[in-house]
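Quick note, the sequences are listed as chains A and B, same order. Per the numbering used here, residue 1 is the first one in the first sequence, and the count goes up by one each step. Per the numbering used here, residue 1 is the first one in the second sequence, and the count goes up by one each step. By construction, the Cβ of each residue, glycine as well, lies at the ideal position given by its N, Cα and C atoms. Let me begin by presenting the structure, written as structure tokens, before commenting on it.
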Amino acid sequence: MSQHLRYQGGTLVLENTPSNAVLPAPFRWVKGKPRCTANHYASLILWLKENAVRDSVPRWKHLDLELNDSREPHDYQREALAAWLAAEGRGSVVLPTGAGKTLLAIHAIARMARSTLVIVPTIDLLHQWYAALCAAFPATEIGVFYGLEKELRDVTVSTYPSAWSHMGEFGDAFKLVIFDEVHHLPAPSWQEIALMSIAPHRLGLTATYPKPIETAGPLFKSLHAPEGRGLEDLIGPLLYAKNVDDLSGIQLAEYRTIRIRVDLTPEERAVYDAAYSTYTGFVKATGLRESHGPGWWGEYTRRSAFDAGARQAKVAERQLRRLVANAQNKLRALDDLLKEHANEQILIFTEYTDLVYTLSRRHLLPAITHHTKAAERKAILDGFRTGQFKALLTSRALNEGVDVPEAKVAIILGGSASAQEYAQRLGRILRKRANKTALLYEVIARHTVEEGVSQRRRRKATYAV
Amino acid sequence: MLTADLIRPRVRIQGNEITTQPISQKDAIGLRTASELIQLFQTHLNRSRRELDAALEDYQGERLDYPILRGMAKVLSDAATFANEPPVDPADVRAALFERAAERGPVVAHPDLLHPAVRETLVHEVAESFGLTPIAVEHALYADLPEEQLLVDPGQQWKAQELVERYNLELARGLLYWASEMRLTVRGGYKDLFKFLKLFKLMHTIRPLPKGGYAITVDGPLSPFVQATLRYGFQMAKFLPGLMLCPEWTMEADIHVPWRQAQGGTAKPAALHYRLDHRSELRSHYTASGAYDSRLEEDFAAEFEAKFGGTERKWVIAREDEIIPVGDSVLIPDFSFTHIKDGRRALVELAGFWHPEYLRRKAWKLRQAGRLDVVLVAYQSVNTTPETWADVPGEVLLFASKPVIKVVLAAVERCAAVGARP
């Protein structure tokens, strides 16, 4: 029988090979057969042809794509695309947040016109890409592949965790793989995604390209990847980079933050104070912060499975967080804001999914959480963009990059987001439109843990924004 | 299967060894917790997951053993069926209600002259358009959320001991989520073992052991190319109860728990060893296949014993006791014949009336194996031609109906080799 190359769970296997055969470098004899990781596929194509090796590996298709995007790419997007095409479609592009990386990717997909997989870090970005690809290629069915929905199509968007889990099943099905926020990729297990794909064409997108020392340094040499494969090995070289200063004035707009402090009701206050003293009493008495530094939270959680004090503190802490999140006067304040901005597009964020649904029921407003499936999510966002829906509720599941430029009012009901999340939330409603100033309301409970969080966040945000 | 956060508090590390801490069947508190949880699920039949979760949280209170309690509850809810079938598609109800609400301005808790939209009116109107009651609309609105699903079937009638036993098994396999490689030794039960390895898409390397049985290394396709990937850990966890069906087995796994990683700076901590064997009290919940796959094999063994067994026997037969590696797969012949005096052995494979593709694959495997001590017993049938079995090494015996044992024994006599295993 003749030699035959096949795909097996992220690797390539050369069947029917005599043990004395001369083989190209990536192959190693493993479990009785020559094998290598799938990412070497492109480098083997010529050798396969020259040696008449039967190749049953690629399953990608030629796509009949009709690009329907009237947006004219900016010069920097055109330059970036040209650089990527000149590099045979292998490498990374750095553009600041909001500079239109998706549009660049859409043009790359249209030019290649082959089965394409887009991999993104969060479900929210997945939904954003899904909507953008649906709009750009209206005649093509776009697939989404993540925990809730697993639908593989010729153009599919997936998340890093789902791609990591399932790459062995579809690493042979895509000729182009686009890695959004590609700076995540050198992390030890994520790089397996790149290793298990045969795609000759790869596009990495990010606003923060990892420093060489980080991709090759000891940090990434840890558990899974002794060779410390960097982005250059996995994706190709860095081809094009522009930072915020290069592009300032193109995308960003003004905004104003208004803080609304509400009081807890006397009943809420009594419960809060009791829970708070249980919680802080434990943390202070044990001196966990001092003894364990940044790892104190893990230690606190660990102790709660055998130390009664820690367990009580945990229960009290959960109670007080819930109480603050659901404080009656916050709901009252939301009522007032909905009336005040009745004719504007409002985005409402809360940290807890169950509160999103409570508010959705109470105000009969559409809600988007991690439970919302792609089609409904898109319908809601479309309805919001056309002004059919005036207000939209989301949980923190929507933290990164949901693109709703029409929103000019955002309301954050409490929450303990990090500075980065905060900046990204702002970025979302601040896209320039009709030169109108955006408003950001923060509704927080007075004299509670939230005040500290909000101040901390604000201090960090001044650096980030 | 338990989630990682439910495994972690039950993990014990001593030196290089890692293990999970099971609940003893003599642990009165553990057993009482199990039966109270079973009871709690019973009382929540036909109620929503939201209500069930709230009740579990109440039950949990400030108890320190909450990881056990949540783990057992996870076992119960995994076995149970949750379902909800509202009379209309919740997404349609939401679209109708939210669109109507948006037309009338903001729905607020304190309507005024400028903001008159009243929730009750809107719900009522939408209820009418769907031919439902307002209460039915409220129920249907988010009926597709996981927490609105109803507990419709507990799956099995649990006893406290069974729940404890199953919880212990789930802990034991859950530790394998962080496994990069498993090394097994097994003796007997090979057919089920390889059935489960194949089912969970794991790869194996087999080495016969000098005193019988096999050493098997288990990993996945990518494993040889990266250092200690955890991508097959979940499959290994699913596989473990398959191993437990073997009569004699040991397992050693390399475990890389992520929390040690986080604490230890940049240096990679060495893998921890996780060992289990058949002396453990853990019991598989998978079903072992019967002694015989088919009537054909059963009849063959019975007839042999009747005619050529007893005190006059020359051959001892055993079921599926040898593994022949064939590429990524294995061939496990149905019977071995061992000569009672000189120890010569031959293997017998019976091919019944199977699908032609199955028979072709069997022939391919036999050719790949290239073993001269295998006797293939097959039927002349419409599914095969003489070419099907051409070039199969060893002997091929074709029968029009029932195999003649005497003829098979003659072939065994010719093929049997000295010094074969096990």
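To the nearest whole angstrom, what separates the beta carbons of A/T159 and A/L203, a pair I think is in contact under 8 Å?
To locate residue 159 of chain A, count along the first sequence from 1; it is residue 159. To locate residue 203 of chain A, count along the first sequence from 1; it is residue 203. The Cβ separation is near 17 Å, so there is no contact.
If the cut is a Cβ gap below 9 Å, which residues of chain B does A/P237 touch?
Here residue 237 of chain A refers to the residue found at position 237 when the first sequence is read from its first residue. In chain order: nothing, as chain B lies at least about 23 Å away.
Note down the Cα distance separating B/R275 from B/T217, rounded to an integer number of angstroms.
Within the second sequence, residue 275 of chain B is the residue found at index 275, counting from 1. Within the second sequence, residue 217 of chain B is the residue found at index 217, counting from 1. Distance between the alpha carbons of B/R275 and B/T217: 14 Å.
Residues of chain A with CB closer than 7 Å to the CB of B/E99, please, in chain order.
Stepping through the second sequence from its first residue, residue 99 of chain B is reached at position 99. Neighbours of B/E99 on chain A, chain order: Q388.
For B/Y142 and chain A, any beta-carbon pair shorter than 9 Å?
Locating residue 142 of chain B in the second sequence gives position 142, where the first residue counts as 1. Yes, B/Y142 counts as interfacial toward chain A.
What is the DSSP secondary structure of A/K33, counted as helix, strand or coil?
Against the first sequence, residue 33 of chain A aligns to sequence position 33. DSSP places A/K33 in strand when its eight states are reduced to three.
For B/W315, list the residues DSSP reports as bridge partners.
Within the second sequence, residue 315 of chain B is the residue found at index 315, counting from 1. DSSP, once it has assigned bridges, lists B/H339 as partnering B/W315.
Could you give the residue range of the beta strand (DSSP E) that holds B/T329?
Residue numbering aside, residue 329 of chain B sits at position 329 when the second sequence is read from its first letter. Checking the displayed sequence, the identity of residue 329 of chain B turns out to be Ser instead of Thr. From DSSP, the beta strand (DSSP E) with B/S329 extends over S329 to L331.
Spatial neighbours of B/I191 within its chain, please: CB distance less than 7 Å, with the 5 preceding and 5 following residues excluded, ordered by chain position.
Here residue 191 of chain B corresponds to residue number 191 of the second sequence, with the count starting at 1. Contrary to the premise, residue 191 of chain B reads as Lys rather than Ile in this sequence. S289, E320 and I332, listed in sequence order.
Of all Cβ atoms in chain A, is any one closer than 9 Å to the Cβ of B/A109?
Residue mapping note: residue 109 of chain B aligns to position 109 of the second sequence, counting from 1. Cβ-Cβ to chain A under 9 Å: yes for B/A109.
Start and end of the beta strand (DSSP E) containing B/F200?
Residue numbering aside, residue 200 of chain B sits at position 200 when the second sequence is read from its first letter. First-last for B/F200: undefined, no H or E at that position.
Which residue's Cα is closest to the Cα of B/P325: B/E62, B/L240, B/R207 and B/D373?
Translated into the one-based positions of the second sequence, residue 325 of chain B becomes position 325. Of the candidates B/E62, B/L240, B/R207 and B/D373, the one whose C-alpha sits nearest the C-alpha of B/P325 is B/R207.
Pick helix, strand or coil for B/D92, following the three-state DSSP scheme.
Within the second sequence, numbered from 1, the residue matching residue 92 of chain B stands at position 92. B/D92: helix per DSSP, three-state reduction.
For A/T394 and A/R71, I'd like the C-alpha separation in whole angstroms.
Walking along the first sequence from the start, residue 394 of chain A turns up at place 394. Walking along the first sequence from the start, residue 71 of chain A turns up at place 71. Rounded to the nearest angstrom, the two C-alpha atoms are 28 Å apart.
Starting from the N-terminal side, write out each stretch of the alpha helix (DSSP H) that is 4 residues or longer and does not extend beyond the segment 138-201 of chain B.
160-174 and 190-199, all fully within the segment 138-201 of chain B.
Where does A/R59 sit, in a helix, a strand or coil, going by DSSP?
What you label residue 59 of chain A is simply residue 59 of the first sequence in a count that begins at 1. Three-state DSSP puts A/R59 in coil, outside helix and strand.
On a CA-only basis, which of A/W297, A/T11, A/D233 and A/L413 is nearest A/A333? Give me that one, please.
Working through the first sequence from its first residue, we reach residue 333 of chain A at position 333. Nearest C-alpha to A/A333: A/L413.
Tell me which same chain residues have a C-beta within less than 8 Å of the C-beta of B/T384, skipping the five on either side of it?
Counted from its first residue, the second sequence places residue 384 of chain B at position 384. For B/T384, where only same-chain residues beyond five positions count, the Cβ hits under 8 Å are P356, L359 and A378.
Reducing DSSP to helix, strand and coil, say where A/H107 ends up.
Taking the first residue of the first sequence as 1, we reach residue 107 of chain A at position 107. Three-state result, A/H107: helix.
If you measure beta-carbon to beta-carbon, which residues of the segment 27-43 of chain A are closer than 8 Å to chain B?
Taking 8 Å as the Cβ-Cβ cut-off against chain B, the residues of the segment 27-43 of chain A that qualify are R28, V30, K31, G32, K33, R35, C36 and T37.
Which residues bound the alpha helix (DSSP H) around B/E7?
Stepping through the second sequence from its first residue, residue 7 of chain B is reached at position 7. Looking at the sequence provided, one finds Ile at residue 7 of chain B rather than Glu. First-last of the alpha helix (DSSP H) with B/I7: A4 to I7.
Between the segment 305-330 of chain A and chain B, which residues of the former have a C-beta closer than 8 Å to a C-beta of the latter?
Residues A305, F306, D307, A308, R311, Q312 and V315.
Between A/V182, A/R303, A/S43 and A/R322, which has its C-alpha nearest A/E268's C-alpha?
Numbered from its first residue, the first sequence carries residue 268 of chain A at position 268. Nearest C-alpha to A/E268: A/R322.
Does the contact criterion of 3 or more C-beta pairs under 8 Å hold for the segment 167-179 of chain B versus the segment 223-243 of chain B?
Yes: the two stretches touch, three or more of their Cβ pairs being nearer than 8 Å.
Shorter than 9 Å from the beta carbon of B/F130 to some beta carbon of chain A?
Numbered from 1 along the second sequence, position 130 holds the residue referred to as residue 130 of chain B. B/F130 does not count as touching chain A.
Assuming A/V13 and A/I198 make a contact with CB atoms under 8 Å, what is their CB distance in whole Å?
Position 13 of the first sequence holds residue 13 of chain A. Position 198 of the first sequence holds residue 198 of chain A. Not a contact, Cβ separation roughly 13 Å.
What does A/P366 touch in chain B if you count any residue whose Cβ is under 8 Å from its own?
Reading the first sequence from its first residue, position 366 is the one you call residue 366 of chain A. In chain order: R94 and F98.
According to DSSP, is A/R6 helix, strand or coil?
On the first sequence, residue 6 of chain A is found 6 positions in, with the first residue counted as 1. In the structure shown, A/R6 sits in a strand (DSSP, three-state: E or B).
How should A/P366 be labelled, buried or exposed, when 16 other C-beta atoms within 10 angstroms of its C-beta is the threshold for buried?
The sequence position of residue 366 of chain A within the first sequence is 366, counting from 1. A/P366 should be labelled buried.
Measuring only between beta-carbons, confirm whether A/Y146 sits less than 9 Å from chain B.
If you number the first sequence from 1, residue 146 of chain A lands on position 146. So, not an interface residue.
Which partner residues does B/H256 have in the DSSP bridge list?
The residue labelled residue 256 of chain B in the question sits at position 256 within the second sequence. B/H256 pairs with nothing; no bridge assigned.
Taking 7 Å as the limit between beta carbons, can you name the residues of its chain near A/A241, skipping five residues before and five after?
Here residue 241 of chain A is taken as the residue at index 241 of the first sequence, counted from 1. Excluding residues within five positions, the ones whose Cβ falls inside 7 Å are V94 and Y209.
Measuring only between beta-carbons, confirm whether A/W164 sits less than 9 Å from chain B.
On the first sequence, residue 164 of chain A is found 164 positions in, with the first residue counted as 1. Chain B, which has a Cβ nearer than 9 Å to the Cβ of A/W164, makes this yes.
Would you list, in chain order, the members of the segment 200-213 of chain B that have their beta-carbon closer than 8 Å to a beta-carbon of chain A?
For the segment 200-213 of chain B, which is checked against every Cβ of chain A, the residues closer than 8 Å are K201, M203 and T205.
Measuring alpha carbon to alpha carbon, tell me which residue in A/S189, A/A82 and A/Q128 is nearest A/R377.
As a working mapping, residue 377 of chain A is identified with position 377 in the first sequence. Of A/S189, A/A82 and A/Q128, the residue nearest in Cα terms is A/Q128.
Inspect the beta-carbon positions of A/N326 and A/T265 and report whether they are closer than 9 Å.
Translated into positions along the first sequence, residue 326 of chain A becomes position 326. Translated into positions along the first sequence, residue 265 of chain A becomes position 265. Cβ atoms of A/N326 and A/T265: not closer than 9 Å.
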